[in-house]
Amino acid sequence: MKKSDEEFEDDEQCCSSSDTRRSADEISIDAEDNETASTSGISSEIVSTEMPPRRKRKTTTKEETKLKKQREDCVTSIKSQSLTEDLGKPFSLRRCRAWFEHYAGEDEPDTIGPEGVEKLCKDLGVKPEDTVMLVIAWKLQAATMGFFTFHEWSKGMLSIECDSTAKLKAQLNGLKSLTRDSATFKKIYRYAFDFCRNQDQRTLDLDTAVTMIQLLLHDSWSLLDDFLQFLQNSKYKVLNRDQWCNVLEFSRSILPDLSNYDEDGAWPVLMDEFVEWYHHKYPPQSSSA
Numbered sequence: 001m002k003k004s005d006e007e008f009e010d011d012e013q014c015c016s017s018s019d020t021r022r023s024a025d026e027i028s029i030d031a032e033d034n035e036t037a038s039t040s041g042i043s044s045e046i047v048s049t050e051m052p053p054r055r056k057r058k059t060t061t062k063e064e065t066k067l068k069k070q071r072e073d074c075v076t077s078i079k080s081q082s083l084t085e086d087l088g089k090p091f092s093l094r095r096c097r098a099w100f101e102h103y104a105g106e107d108e109p110d111t112i113g114p115e116g117v118e119k120l121c122k123d124l125g126v127k128p129e130d131t132v133m134l135v136i137a138w139k140l141q142a143a144t145m146g147f148f149t150f151h152e153w154s155k156g157m158l159s160i161e162c163d164s165t166a167k168l169k170a171q172l173n174g175l176k177s178l179t180r181d182s183a184t185f186k187k188i189y190r191y192a193f194d195f196c197r198n199q200d201q202r203t204l205d206l207d208t209a210v211t212m213i214q215l216l217l218h219d220s221w222s223l224l225d226d227f228l229q230f231l232q233n234s235k236y237k238v239l240n241r242d243q244w245c246n247v248l249e250f251s252r253s254i255l256p257d258l259s260n261y262d263e264d265g266a267w268p269v270l271m272d273e274f275v276e277w278y279h280h281k282y283p284p285q286s287s288s289a
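If you read the sequence shown in the UniProt record's numbering, its first letter stands for residue 1, the second for the next number, and so on.
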């Protein structure tokens with residue numbers, strides 16, 4: 001059926017009303033978008049890239065400083081208590097093994113090498129050339145300078161009841177004091193010869209001998225500098241065991257002016273030559289008639 005004119009007019013009015021409502025809705029949406037953009041700080045034409053203002057650092061108050069100090073003191077106290085408890089524990093082979101492995105090399109898990117020894121010295125707060133490190137090696141009866149095997153480590157540390165760096169560090173003064181006992185020092189001195197020489201040689205090279213004599217006798221022998229000067233300018237390139245041991249006996253028994261030295265005694269030729277060199281350097285003053 002065909003629509004009447006009145007029905008067409010009603011349809012046109014309906015469409016017109018619908019278009020009007022759509023336009024109003026679109027205007028409303030645009031307005032909301034603009035408002036949202038305005039609220040978020042985004043312009044429809046320009047987007048701001050400025051950084052937000054930097055916040056001022058909060059000033060530390062005296063109360064906060066005090067609290068921080070209290071926390072640090074608390075941590076120190078806990079560490080100190082833990083250390084005390086560790087020192088009081090009996091020797092444990094399991095802890096000793098774990099301690100050893102901390103310094104052992106990855107390639108040789110049953111041996112502490114030069115790098116591990118250096119790390120141990122650092123943890124103990126001593127230099128590798130400190131006399132106490134020689135005393136520790138003597139306690140372990142280590143066969144080779146710069147190396148500790150687990151067998152040497154476990155047996156030696158058991159003898160002094162140490163299974164941690166803290167325990168060993170606590171014993172450093174006591175270990176070093178052993179050198180003040182004459183009989184013990186003699187054992188350590190004689191041990192040093194085998195400890196420092198190459199295992200395939202029966203003698204000690206001169207440079208190593210000079211270094212070790214300097215380390216061991218620098219506090220006890222007034223003629224040390226003269227003797228080392230003599231050695232370094234002599235024909236000797238190595239020292240044998242007898243010569244090494246007699247250096248200590250000479251330093252202990254012969255007076256600084258060499259007046260009690262017996263040329264016919266059982267001294268090695270090395271010491272005879274030193275006395276001759278010394279008298280040539282410091283000619284004895286003839287007594288006036």
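Note that the Cβ used here is the ideal one computed from N, Cα and C, for glycine as well.
Three-state secondary structure assigned by DSSP to Thr-144: Coil, per DSSP.
Contact check, Gly-88 vs Tyr-103, beta carbons under 7 Å: No, Cβ-Cβ distance for Gly-88 and Tyr-103 is not below 7 Å.
Residue from Asp-123, Ser-164 and Ile-188 whose Cα sits closest to the Cα of Ala-142: Checking every option, the nearest Cα to that of Ala-142 belongs to Ile-188.
Reference Thr-179; option with closest CA among Phe-195, Leu-217 and Phe-274: Checking every option, the nearest Cα to that of Thr-179 belongs to Leu-217.
Beta-ladder partner(s) of Ala-239, from DSSP: Correcting the residue type first, residue 239 is Leu in the shown sequence and not Ala. Leu-239 is bridged to Leu-204.
Delimiting residues of the alpha helix (DSSP H) encompassing Tyr-189: It spans 182-196 - the alpha helix (DSSP H) in which Tyr-189 sits, taken as one unbroken run.
Whole-angstrom distance between Tyr-261 and Trp-138, CA atom to CA atom: One Cα belongs to Trp-138, the other to Tyr-261, and the distance between them is close to 32 Å.
Assigned exposure category for Lys-155 - 16 Cβ within 10 Å defines buried: Residue environment analysis places Lys-155 among the exposed positions, since fewer than 16 neighbouring C-beta atoms fall within 10 angstroms of its C-beta.
Euclidean distance between Cα positions of Thr-111 and Phe-147: Straight-line measurement puts the Cα of Phe-147 at about 7 Å from the Cα of Thr-111.
Three-state class that DSSP yields for Thr-111 in the structure shown: In the structure shown, Thr-111 adopts extended strand secondary structure according to DSSP, grouped into three states.
Of the residues Glu-152, Leu-239, Phe-250 and Glu-64, the one placed nearest Arg-97, counting alpha carbons only: Distances from the CA of Arg-97 to each of Glu-152, Leu-239, Phe-250 and Glu-64 were compared; the closest alpha carbon is that of Glu-152.
Cβ distance (whole Å) where Ala-144 is taken to contact Gln-201 below 8 Å: According to the sequence shown, residue 144 is Thr rather than Ala. Between Thr-144 and Gln-201 a beta carbon distance of about 12 Å is seen, past the 8 Å cut, so the two are scored as non-contacting.
Beta carbon of Phe-230 nearer than 7 Å to that of Trp-267: Cβ distance not < 7 Å, so Phe-230 and Trp-267 don't count as in contact.
Those residues which DSSP pairs with Thr-165 across a bridge: Answer by DSSP bridge pairing: none, since Thr-165 is not bridged.
CA-to-CA distance, Asp-226 to Asp-242, given in whole angstroms: Roughly 20 Å between the two C-alpha positions.
Local conformation of Ser-17 per DSSP, three classes: Unreliable placement is indicated for Ser-17, whose pLDDT of 47 sits below 50; no coordinate value is reported for it.
Cβ pair Asp-194, Val-238 closer than 7 Å: The Cβ atoms of Asp-194 and Val-238 do not sit closer than 7 Å to each other.
Cα-Cα separation between Lys-235 and Phe-250, rounded to whole angstroms: Using only the alpha carbons, I get a separation of about 20 Å.
Simplified DSSP assignment, three categories, for Thr-149: Looking at Thr-149 - three-state DSSP - the assignment turns out to be strand.
Run of the alpha helix (DSSP H) containing Tyr-103, from where it starts to where it stops: Tyr-103 -> alpha helix (DSSP H) spans 93-103.
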